[in-house]
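Protein chains: 2
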Amino acid sequence: MTLKLYAFPTPNGLKVSVLLELLGLKYEYHSVDIRTNVQKEDWFLALNPNGRIPTLVDSSTNTTLSESGAILQYLVDTYDKEHKFSYPYGSSLYYKQLEVLLFQMAGVGPMQGQFGHFSIFAQEKVPYGIERYGAETKRLYSVVELYLERNKENGLYLVGDRVTIADIAIFTWARGLERLGVDIKQWPLVSKWFDSIDALPEVQKGLNPV
Amino acid sequence: MTLKLYAFPTPNGLKVSVLLELLGLKYEYHSVDIRTNVQKEDWFLALNPNGRIPTLVDSSTNTTLSESGAILQYLVDTYDKEHKFSYPYGSSLYYKQLEVLLFQMAGVGPMQGQFGHFSIFAQEKVPYGIERYGAETKRLYSVVELYLERNKENGLYLVGDRVTIADIAIFTWARGLERLGVDIKQWPLVSKWFDSIDALPEVQKGLNPV
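Just so you know, the sequences run in chain order C and X.
With our numbering, you'll find the first sequence wraps up at 510, consecutive numbering, no jumps.
With our numbering, you'll find the second sequence wraps up at 510, consecutive numbering, no jumps.
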C-alpha cells in the first residue's frame, strides 16, 4: 500500500479519509489516539514536528505531508486528473476553491475548535470564551450560507458545479455543530448542502475509517 | 494599475504588500480601516462575503481573491515564473511550502491572533485566555524553530534554499511578538531568520504600504 494516513476521527482527520474514499484510493489507516497524546510521541514528531494529525505518507512520490488542507490539495493534484473533486491548476475556480479551503483552515476550523474547547473540553467554565467562539462560529457558517447563495445557479456547491475539496473541508466541521448545540437548520442552504454530501456512500465510508 | 490591494497594516494585510514589493509589482493600495469596521461595509462585503482583509483584485485575470494565504499562492503562481519566492507546482518543495503556509494560516495566525485579543484588546481580563493562547503561540514558534533546524543545511529558510511565501507569511506574524511581550531571542534560529528577512529593503517597503 503506497498511501498511509495517520489520523484520528476529528474533522481534520476525517476530511482526508473522506476524500480518499471519494477518489477511490486504497490506503492504510493508522489511528493516532490524540486522547492519549500519541501525536506527541517521537515517532510521530519525526513525521510532523507540529505534533498534530493528520499526516499523509505517499511512498510512490516520496511525500510526507501534514496540515489537512495541504493534504487535500496534494491528493487532488496527484490523483484527481479528471477533476471530479477539484478544478484545474491556475483556473479561476481553482483559486475560489483555494480561497474557501483557506477560509475553512484559518476560520471555521480554529474558531469552531476553540468553541468546542470552551464549551466541552475546558476544565474551567469560562463564559467569555464560550460566548466569543460561539458567536464567531455562527458568523462563519452564515458566511458559508452566503457562499452557497452566491453560487446557487451552479448547484448546491461552495464553488462551481461539483463537490470539491472546499466542500469536504467544511462538511466534516459542519458535522460537529450538533454536538455543540448549534442547529444547522438556521442556515437553509448549508443544511441542504450538508445533507446532500452526507448522503454519499463514499463519504459515509470515509467517516468511518478502519 | 491592474492590481488593487484592499488591506490594513495587520500581519495578514502586510504579508501581501511585502510579497508584492519582493515581486517588483506595482499595485494600488486601498486602506480598509478595520478599527472602524470598514471591512463590514456593503461595498467590501461584495468583494469578500467574510468581511475580512486582505482582498486582492487583479483586473488582468478577472480575479477577486481573499484569504491571505490564497492570495500569496495566486501571486507567485501568476507572477513568479522564475520561482524567486516559490517552488514549481507539483514539486516536493512546493508541498512543503504549502504545508508551512497552512501551518501559519491554521495555527500561528489564529492562535497568536487570540493571544493578541486576550492580552491587548479584550475589554475584560480573562486569565484563562491569556494563558491558553500565550502557551500555544510559544509552542508554535518552537515548531518554527524545528522547521528551521530541519532545513539548516540549505540555509536559514523554512523550506529549501530561498525566502518563499511560507517565510513571508510567518515573518509578518513574528513581527508582532514584541508587542505581546514575547522575546523572539528564545528561539535562536527564528531570531536570526527574522532579522535576515527584516533587513531586505523590499520587505521594509512592503511593511509600509501607501
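Glycine residues also receive a C-beta, built at the ideal position from the N, C-alpha and C atoms.
Extent of the continuous beta strand (DSSP E) run through residue 304(X): 303-307
Could you give the distance in angstroms between the alpha-carbon of residue 478(X) and the alpha-carbon of residue 435(X)? 15 Å
Determine the DSSP secondary structure at residue 364(C), reduced to helix, strand or coil. strand
On the DSSP letters alone, give me the boundaries of the beta strand (DSSP E) that residue 358(X) sits inside. 355-358
I'd like to know whether the C-beta atoms of residue 384(C) and residue 459(C) end up nearer to each other than 9 Å. no
Opposing strand residues paired with residue 331(C) [DSSP bridges]: 307(C)
Where residue 409(C) and residue 473(C) are concerned, what is the direct C-alpha to C-alpha distance, given to the nearest angstrom? 7 Å
Whether or not the segment 423-438 of chain X and the segment 456-471 of chain X are in contact is what I'm after, with contact meaning three or more pairs of Cβ atoms, one per stretch, closer than 8 Å; do they touch? no
Return the CA-CA distance between residue 318(X) and residue 414(C), expressed in angstroms with no decimal places. 30 Å
With 16 as the cutoff for other CB atoms within 10 Å, does residue 312(C) come out buried or exposed? buried
Beta-carbon proximity check, residue 480(C) vs residue 419(C), cutoff 9 Å: yes
Pick out whichever of 504(C), 352(C) and 398(C) has its Cα sitting closest to the Cα of residue 333(C). 352(C)
What are the residues in the segment 371-402 of chain C lying within 7 Å of chain X by C-beta distance? 373, 374, 377, 389, 390, 392, 395, 398, 399 and 402
DSSP three-state call for residue 558(C): helix, strand or coil? Because chain C spans 301 through 510 in this model, residue 558(C) falls outside it and cannot be assessed.
Using only the alpha-carbon positions, how far apart do residue 427(X) and residue 483(X) sit? 20 Å
Burial state of residue 358(X), where buried means 16 or more other Cβ atoms lie within 10 Å: buried
Member of 325(C), 343(C), 307(C) and 424(C) whose CA lies at the smallest distance from the CA of residue 367(C): 307(C)
Are the C-beta of residue 424(C) and some C-beta of chain X separated by less than 9 Å? yes
Should residue 405(C) go down as buried or exposed, given a rule of 16 or more other Cβ atoms within 10 Å for buried? buried
Which residues mark the beginning and the end of the alpha helix (DSSP H) in which residue 325(C) is found? Unbroken run through residue 325(C): none, as it is neither H nor E.
Assign residue 343(X) to buried or exposed, taking buried as 16 or more other Cβ atoms, counted over all protein chains shown, within 10 Å of its Cβ. exposed
Between which two residues does the alpha helix (DSSP H) containing residue 411(C) stretch? 409-416
Starting from residue 347(X), trace the alpha helix (DSSP H) both ways and give me its first and last residue. Here residue 347(X) belongs to no alpha helix (DSSP H), and DSSP marks it neither H nor E.
Touch test, the segment 318-327 of chain X against the segment 375-383 of chain X, Cβ-Cβ under 8 Å, three pairs minimum: yes
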